[in-house]
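**Q**
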Amino acid sequence: MVISCCAVGCDNRQGKANISFYRIPFARERRQRWVAAISRKNWQPSKYSRICSDHFLQGQKSDDPLSPDYVPSVFVHTKSPEKRRALGSLGKYQVREAMKKKKRQELSKREAARALNLSAEMNALGEAEDNIVEEASISEPSVKCDAMCQTDLTSDYTELLEFECQQLRGDTFTLKEKLKPKDLKARTQTYSQ
1 MVISCCAVGC
11 DNRQGKANIS
21 FYRIPFARER
31 RQRWVAAISR
41 KNWQPSKYSR
51 ICSDHFLQGQ
61 KSDDPLSPDY
71 VPSVFVHTKS
81 PEKRRALGSL
91 GKYQVREAMK
101 KKKRQELSKR
111 EAARALNLSA
121 EMNALGEAED
131 NIVEEASISE
141 PSVKCDAMCQ
151 TDLTSDYTEL
161 LEFECQQLRG
171 DTFTLKEKLK
181 PKDLKARTQT
191 YSQ
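Residue numbering for the sequence shown follows full-length UniProt numbering, starting at 1 and increasing by one per position.
(1) Closest by CA to V2, which one among W34, K16 and T158?
(2) Can you check whether the CB of I51 is closer than 7 Å to the CB of K68?
(3) For the beta strand (DSSP E) that R33 lies in, which residues bound it at each end?
(4) Along the chain, where does the beta strand (DSSP E) that runs through R23 open and close?
(5) For a test of the three-state rule: what should DSSP assign to C5, helix, strand or coil?
(6) Have a look at the DSSP bridge pairing and note the partners of R50.
(7) Assign W34 to one of two classes, buried (16 or more other C-beta atoms within 10 Å of its C-beta) or exposed (fewer than that).
(8) Thinking C-alpha only, which one of K41, Y70, T174 and G9 is nearest R23?
(9) One question on the structure: do C6 and N12 come within less than 7 Å of each other, judged by their Cβ atoms?
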C-alpha cells in the first residue's frame, strides 16, 4: 500500500526525498486537534491515514504540547496571518527551550562549583577544629554575617513565563469547560439510579 498525505491539496507520497509521514495520533484530544487542523469535511482518519512532514513548521512533529509542531499547522487552506502567528510561536518556543537549556547548564555548573566549595570547606573545617582545641582559652571574636539574594531573571525570561502562564490558564479554562457538560451528565446519571 502506498503511503500518501491525507491533507487537502497535498500530493506527497512515500518515496519522495526528505519527506516523513506521521500517523494521526490515537490520544483523543490531540487527535481531535489534528483532524480540525487538517480540515477535511466529513472525514474521520483511519489507522492508515498519514500526514507528511511538510505540514509542520520544523519539518517534523513534536511530542511537546508547548511546541507549535504539536499539531500540524502548514496547509494550503491556512491564511497568511495564521502562518505568521504560527512562525512567531515557533520562534518563542525555540527561545524558551534555549533559555531552559541554558538554565539547566548554569544550574549544573553551580552545583558542581558548590560541591567543590563544600569539599574545600570540609577540609578547612577539619583543620579549624584542630586549632580550636588548642585555642580554647582565647575568647571568640564577634562574627557579622550579611545575607544577599541575587537572581538571573531577565525581562525576556519574565515575559516568557507570563506567556506560558497565560497558555496554561487558557488550557485549564478549556479543559474545565469540557468537563462541565460531562460532570453534569455523570451527576444526573448517578442521581437517577
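Ideal placement from N, C-alpha and C gives every residue a C-beta, glycine not left out.
The model shown is predicted, which means the values in this text are computed figures rather than measured ones.
**A** A quick look at the data gives this:
(1) Among W34, K16 and T158, the Cα nearest to that of V2 belongs to K16.
(2) The question names Lys, but residue 68 is Pro in the sequence shown. Not a contact, by the Cβ cut-off of 7 Å.
(3) The continuous stretches of beta strand (DSSP E) do not include R33, which lies in the alpha helix (DSSP H) extending over residues R28 to I38.
(4) In the DSSP assignment, R23 falls within the beta strand (DSSP E) that extends over F21 to R23.
(5) In the three-state scheme derived from DSSP, where H, G and I count as helix and E and B as strand, C5 is classed as strand.
(6) Answer is C5 and R23, bridged to R50.
(7) Buried, since its Cβ has 16 or more Cβ neighbours within 10 Å.
(8) Nearest option by C-alpha distance: Y70.
(9) Result no, Cβ atoms of C6 and N12 do not sit closer than 7 Å.
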